[in-house]
Amino acid sequence: MIQFINVSKIYENRAVGLEDISFTIKPGEFVSLVGRSGAGKSTLIKLLIGEEKPTKGRILFGAYEVNKLRSTEMSQLRRQVGIVFQDFRLLANKTAFENVAFALEVGGRPQSEIDEFVPQVLEMVGLPSKRNHFPNQLSGGEKQRVAIARAMIHHPAVVIADEPTGNLDDINSEEIIKLLLRINELGTTVLLATHNKEIVNKLKRRVISMVDGRIVRDEPNGKYIIM
Amino acid sequence: MATVLVMVLALMTMQALMLFNVGTTTAVAAIQDKIDIAVYFKRAASEDSMLALKKTVERLPQVKNVEYVSSDEALADFKQRHLTDLTINQALAELNQNPLPGSLNIKANDPNDYALIAAYLDKNAPAGLIEKVTYSQHKNAIDRLNKFVDTLNRMGLAVTLFLAFAASLVAFNTIRLAIYSNRDEIGIMRLVGGSNMFIKGPYLVTGIMYGFFGALVAIILMAPIANIINPYLVRLVPEVQLETYFYAHIFPLFGYMMLFGAGLGIISSWIATRRYLRV
Numbered sequence: 000m001i002q003f004i005n006v007s008k009i010y011e012n013r014a015v016g017l018e019d020i021s022f023t024i025k026p027g028e029f030v031s032l033v034g035r036s037g038a039g040k041s042t043l044i045k046l047l048i049g050e051e052k053p054t055k056g057r058i059l060f061g062a063y064e065v066n067k068l069r070s071t072e073m074s075q076l077r078r079q080v081g082i083v084f085q086d087f088r089l090l091a092n093k094t095a096f097e098n099v100a101f102a103l104e105v106g107g108r109p110q111s112e113i114d115e116f117v118p119q120v121l122e123m124v125g126l127p128s129k130r131n132h133f134p135n136q137l138s139g140g141e142k143q144r145v146a147i148a149r150a151m152i153h154h155p156a157v158v159i160a161d162e163p164t165g166n167l168d169d170i171n172s173e174e175i176i177k178l179l180l181r182i183n184e185l186g187t188t189v190l191l192a193t194h195n196k197e198i199v200n201k202l203k204r205r206v207i208s209m210v211d212g213r214i215v216r217d218e219p220n221g222k223y224i225i226m
Numbered sequence: 000m001a002t003v004l005v006m007v008l009a010l011m012t013m014q015a016l017m018l019f020n021v022g023t024t025t026a027v028a029a030i031q032d033k034i035d036i037a038v039y040f041k042r043a044a045s046e047d048s049m050l051a052l053k054k055t056v057e058r059l060p061q062v063k064n065v066e067y068v069s070s071d072e073a074l075a076d077f078k079q080r081h082l083t084d085l086t087i088n089q090a091l092a093e094l095n096q097n098p099l100p101g102s103l104n105i106k107a108n109d110p111n112d113y114a115l116i117a118a119y120l121d122k123n124a125p126a127g128l129i130e131k132v133t134y135s136q137h138k139n140a141i142d143r144l145n146k147f148v149d150t151l152n153r154m155g156l157a158v159t160l161f162l163a164f165a166a167s168l169v170a171f172n173t174i175r176l177a178i179y180s181n182r183d184e185i186g187i188m189r190l191v192g193g194s195n196m197f198i199k200g201p202y203l204v205t206g207i208m209y210g211f212f213g214a215l216v217a218i219i220l221m222a223p224i225a226n227i228i229n230p231y232l233v234r235l236v237p238e239v240q241l242e243t244y245f246y247a248h249i250f251p252l253f254g255y256m257m258l259f260g261a262g263l264g265i266i267s268s269w270i271a272t273r274r275y276l277r278v
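As given, the protein sequences belong to chains G and S, one line each in that order.
The first sequence: position 167 = 166 (numbering that gives the first Met the number 0), numbered continuously.
The second sequence: position 27 = 26 (numbering that gives the first Met the number 0), numbered continuously.
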């Protein structure tokens, strides 16, 4: 599904983002990517969705070779990936419904599809009653669920969550993780980048640990162990 | 708003230049049409030799047409023109022969060729046939007029280009600001897989709209201006009917300006989206 082959990313100021990263994620896996801030988790995700180009190495995503995509193909790739961020990235002037619908509009999908799929996906994240609320009328956990709904609207093969619980309290964090697990049970591959030790240890799934741009540990049923 | 305004300025200058060009071309053509070379024959020249020269000259590729005026025709014409002038009539009556020579009026396709034609006549006309050839004064006048028109054209073009550049810069900046204020939305569009054209499209359309509205305002403003300056122009060169031309060609004029304005707009927005919309 996802394969990094000897990938390095060195920034112009010679700061090392990633150093010789290789790993494979199979379809249907739930992988946690852990490490301190600055360990390279976000860089790795940016490379995976083509926002930045690697200095060296190859990145495969399904049939795509991400580091060689042109911008027209890039948008197709991004429709097969759902992305969730720590800061939600919802549009403040759109309601929950419109924020989710926006992802379909951008892809040029017809209104009939929007009317059918958006309520379904809002139902799935447990927010059917808040569809007409604006982001500032929603709690942090609710906002993140809208963001997950938006990520899921294209039925992506992979959901990437970059510190999705970073701005949430424990209870809301747990709910979000449960939601991600449910998405994973439905067959979607999940890549969760986090530095929340408790969450990772509870998951008992595969853990890739990063330090200073390198992978130091990659274990199934892993734990959050960073020296 | 400022963008449309500067666009209007640039397009107005361009339009003025286009109209000016039509005006001067008509004026120059009108004046050129009045110019010819006159070949005055000697009194003794026979009509046959004059007509023979006419035939030779007509065969020159530079020559548009040749008109033969016999000495009798010249006299009749002269009398006609001075019908009421007693002195001239008396003087003519006292001469009992026709004082006016036969002549050829030669029109060239290109006024620059008059020197060539004159030289040809000088060399090839049978000796003792031609009294004199007049052309040089005309040529100077035409040259000066052409130079004047050229200079004005070049200045107009420079002003148009300068204003076009200013208009592109303003359009560029407006679109840059629009992109900046929409950066969140654009970021999310990219995130959820908005295609290149889907994200850039609205800004390119905005650029085209600046050109469209600029052209619209420019043509609306030009109508009263053409009205006002037309009488003065007609007094200067009667053949130039600016107003008539303007209304007869209002759609092509509008079309050119729209193309030019939209071109400027789309180039500016294209560069702005390329620089500030990393997709």
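Each residue gets a CB set at the ideal place from its N, CA and C atoms; glycine is no exception.
These numbers were taken from a predicted model, which means no experiment stands behind them.
Point to revise | Beta carbon of Ala-9 of chain S nearer than 8 Å to that of Ala-166 of chain S | key: Position 10 of the second sequence, counting from 1, holds the residue named residue 9 of chain S. Position 167 of the second sequence, counting from 1, holds the residue named residue 166 of chain S. Their beta carbons are under 8 Å apart, which means Ala-9 of chain S touches Ala-166 of chain S by this criterion.
Practice item. Report the three-state DSSP secondary structure of Gly-206 of chain S (helix, strand or coil). Key: Sequence index remark: in the second sequence, residue 206 of chain S carries index 207 (1-based). If DSSP states are grouped into helix, strand and coil, Gly-206 of chain S belongs with the helices.
Check your understanding: Listing by chain order, which chain S residues have their CB less than 7 Å from the CB of Gly-125 of chain G?
Key -> Here residue 125 of chain G is taken as the residue at index 126 of the first sequence, counted from 1. Here the premise fails: no neighbours, minimum Cβ distance about 21 Å.
**Study point:** 7 Å CB neighbourhood of Leu-276 of chain S in its chain, flanking five on each side removed
**Key:** For the purposes of this step, residue 276 of chain S is taken as the residue at position 277 of the second sequence. Sequence-distant partners of Leu-276 of chain S (beyond 5 residues in either direction) whose C-beta falls short of 7 Å from its own C-beta, in its chain, are Ile-178, Ile-185, Ile-198, Lys-199.
Review point. Quick one: does Glu-184 of chain S have its CB under 8 Å from some CB of chain G?
Key: For this step, residue 184 of chain S is matched to residue 185 along the second sequence. Chain G has a Cβ within less than 8 Å of the Cβ of Glu-184 of chain S.
Review point. Between the C-alpha atoms of Ile-224 of chain G and Gly-34 of chain G, what's the straight-line distance to the nearest angstrom?
Key: Your numbering for residue 224 of chain G matches position 225 in the first sequence. Your numbering for residue 34 of chain G matches position 35 in the first sequence. Rounded to whole angstroms, Ile-224 of chain G to Gly-34 of chain G spans 9 Å at the Cα level.
Point to revise | chain G contact residues for Asn-195 of chain S, given Cβ-Cβ distances below 7 Å | key: Translated into the one-based positions of the second sequence, residue 195 of chain S becomes position 196. Result: Ser-70, Thr-71, Ser-74.
Check your understanding: Name the DSSP bridge partner or partners of Gln-2 of chain G?
Key -> Taking the first sequence and counting its residues from 1, the one referred to as residue 2 of chain G is at position 3. Answer is G:Thr-23, G:Leu-59.
Practice item. Whole angstroms is fine: what's the gap from Met-0 of chain G's alpha carbon to Asn-92 of chain G's? Key: Here the question's residue 0 of chain G lines up with position 1 in the first sequence. Here the question's residue 92 of chain G lines up with position 93 in the first sequence. Cα to Cα, the separation comes out at about 36 Å.
Practice item. Determine the DSSP secondary structure at Asp-217 of chain G, reduced to helix, strand or coil. Key: Numbered from 1 along the first sequence, position 218 holds the residue referred to as residue 217 of chain G. Of the three classes helix, strand and coil, the one that applies to Asp-217 of chain G here is strand, per DSSP.
Review point. Going by C-alpha distance, which of G:Ser-7, G:Ser-172, G:Ala-156, G:Pro-155 is nearest Ser-162 of chain G?
Key: For the purposes of this step, residue 162 of chain G is taken as residue 163 along the first sequence, with counting starting at 1. The amino acid occupying residue 162 of chain G in the given sequence is Glu; Ser does not appear at that position. Answer by Cα proximity: G:Ser-172.
**Study point:** Chain-ordered chain S contacts of Val-105 of chain G [CB-CB under 7 Å]
**Key:** In the first sequence, counting from the first residue as 1, residue 105 of chain G sits at position 106. Neighbours of Val-105 of chain G on chain S, chain order: Met-188, Val-191, Gly-192, Gly-193, Phe-197.
**Study point:** Under 8 Å from the C-beta of Phe-96 of chain G: neighbouring residues of chain S
**Key:** Residue numbering aside, residue 96 of chain G sits at position 97 when the first sequence is read from its first letter. Residues of chain S passing the Cβ test: none, with the nearest at roughly 15 Å.
Point to revise | 6 Å Cβ shell around Ala-95 of chain G - same chain, five flanking residues per side excluded | key: As a working mapping, residue 95 of chain G is identified with position 96 in the first sequence. Cβ neighbours of Ala-95 of chain G beyond the five flanking positions: Lys-129, Arg-130, His-132, Val-145.
Check your understanding: What are the residues of the region 157–187 of chain G that lie near chain S, defined by any Cβ-Cβ distance shorter than 8 Å?
Key -> none
**Study point:** Reference Phe-181 of chain G, options G:Gly-125, G:Asn-5, G:Gln-75, G:Gln-110, closest by Cα
**Key:** Residue numbering aside, residue 181 of chain G sits at position 182 when the first sequence is read from its first letter. Checking the displayed sequence, the identity of residue 181 of chain G turns out to be Arg instead of Phe. Measuring from the Cα of Arg-181 of chain G, the nearest candidate turns out to be G:Gly-125.
Review point. Which residues in the same chain as Met-221 of chain S place their Cβ atom closer than 6 Å to its Cβ, once the five residues preceding and following it in sequence are excluded?
Key: As a working note, residue 221 of chain S is residue 222 in the second sequence. Contacts found: Gln-14.
**Study point:** CB-CB length for Phe-29 of chain G against Arg-204 of chain G, believed under 8 Å
**Key:** For the purposes of this step, residue 29 of chain G is taken as residue 30 along the first sequence, with counting starting at 1. For the purposes of this step, residue 204 of chain G is taken as residue 205 along the first sequence, with counting starting at 1. Yes, they are in contact, since the Cβ atoms of Phe-29 of chain G and Arg-204 of chain G sit about 5 Å apart, within 8 Å.
Check your understanding: Straight-line CA distance for Asn-152 of chain S to Asn-20 of chain S?
Key -> For this step, residue 152 of chain S is matched to residue 153 along the second sequence. For this step, residue 20 of chain S is matched to residue 21 along the second sequence. Whole-angstrom Cα-Cα distance: 7 Å.
**Study point:** Cα-Cα separation between Val-5 of chain S and Ala-271 of chain S, rounded to whole angstroms
**Key:** Within the second sequence, the letter at position 6 stands for residue 5 of chain S. Within the second sequence, the letter at position 272 stands for residue 271 of chain S. Approximately 18 Å between the Cα atoms of the pair.
Exercise for review: Compute the Euclidean distance between the alpha carbons of Ile-218 of chain S and Met-11 of chain S, then round it to the nearest angstrom.
Suggested key: Taking the second sequence and counting its residues from 1, one reaches residue 218 of chain S at position 219. Taking the second sequence and counting its residues from 1, one reaches residue 11 of chain S at position 12. Cα-Cα distance, rounded: 8 Å.
Review point. Of all Cβ atoms in chain S, is any one closer than 8 Å to the Cβ of Phe-87 of chain G?
Key: Within the first sequence, residue 87 of chain G is the residue found at index 88, counting from 1. False, the Cβ-Cβ gap to chain S never drops below 8 Å.
Practice item. Say whether chain S places a C-beta atom closer than 8 Å to the C-beta of Ala-102 of chain G. Key: Start at 1 with the first residue of the first sequence, and residue 102 of chain G comes out as number 103. At least one chain S Cβ lies under 8 Å of Ala-102 of chain G.
Check your understanding: Which runs of the beta strand (DSSP E) fall wholly inside the region 146–216 of chain G and span at least 3 residues, in chain order?
Key -> Listed in chain order, they are 157–161, 188–193, 205–210.
Practice item. Tell whether a beta-carbon distance below 8 Å holds between Gly-213 of chain S and Val-3 of chain S. Key: Indexing the second sequence from 1 puts residue 213 of chain S at position 214. Indexing the second sequence from 1 puts residue 3 of chain S at position 4. Yes; because the gap between Cβ atoms is below 8 Å, this pair is in contact.
Review point. For Ala-100 of chain G, which residues of its own chain have a beta-carbon under 6 Å away from its beta-carbon, when the five flanking residues on both sides are left out?
Key: The count along the first sequence starts at 1 and reaches residue 100 of chain G at position 101. Counting only Cβ-Cβ distances below 6 Å, and skipping sequence neighbours, we find Ile-113, Val-117.
Practice item. Pick helix, strand or coil for Asn-12 of chain G, following the three-state DSSP scheme. Key: Reading the first sequence from its first residue, position 13 is the one you call residue 12 of chain G. Correct three-state label for Asn-12 of chain G: coil.
Check your understanding: Whose C-beta lies closer than 6 Å to the C-beta of Asp-112 of chain S among residues of the same chain, with five residues either side of it excluded?
Key -> As a working note, residue 112 of chain S is residue 113 in the second sequence. Counting only Cβ-Cβ distances below 6 Å, and skipping sequence neighbours, we find Gln-61.
Point to revise | Collapsed DSSP secondary structure at Ala-91 of chain G in the structure displayed | key: Against the first sequence, residue 91 of chain G aligns to sequence position 92. Looking at Ala-91 of chain G - three-state DSSP - the assignment turns out to be coil, as it is neither helix nor strand.
Review point. For Ala-29 of chain S, which residues from the same chain have a beta carbon less than 6 Å from its beta carbon, with the 5 sequence-adjacent residues on both sides left out?
Key: Taking the first residue of the second sequence as 1, we reach residue 29 of chain S at position 30. Only Glu-238 meet the Cβ criterion.
Check your understanding: Using a Cβ-Cβ distance under 8 Å, would Leu-191 of chain G count as near chain S?
Key -> For this step, residue 191 of chain G is matched to residue 192 along the first sequence. Answer no: the Cβ-Cβ gap between Leu-191 of chain G and chain S never drops below 8 Å.
Review point. By the 10 Å Cβ neighbour count, where 16 or more other Cβ atoms means buried, how is Met-49 of chain S classified, buried or exposed?
Key: Against the second sequence, residue 49 of chain S aligns to sequence position 50. By the neighbour-count rule (16 or more Cβ atoms within 10 Å), Met-49 of chain S is buried.
Review point. What residues match up with Phe-29 of chain G in a beta bridge as DSSP calls it?
Key: Translated into the one-based positions of the first sequence, residue 29 of chain G becomes position 30. In the DSSP output, where bridge partners are listed per residue, Phe-29 of chain G has G:Val-189.
Check your understanding: Name the chain S residues whose beta carbon is nearer than 9 Å to that of Leu-90 of chain G?
Key -> On the first sequence, residue 90 of chain G is found 91 positions in, with the first residue counted as 1. What Leu-90 of chain G touches in chain S: Asp-183, Glu-184, Ile-187.
Point to revise | Amino acids of chain S, ordered along the chain, whose beta-carbon sits closer than 7 Å to that of Ile-82 of chain G | key: Here residue 82 of chain G is taken as the residue at index 83 of the first sequence, counted from 1. Within chain S, the residues near Ile-82 of chain G are Leu-190.
Review point. Quick one, which of S:Asn-226, S:Tyr-202, S:Asn-123 has its alpha-carbon nearest Lys-54 of chain S's?
Key: Mapped onto the second sequence, residue 54 of chain S falls at position 55. Of S:Asn-226, S:Tyr-202, S:Asn-123, the residue nearest in Cα terms is S:Asn-123.
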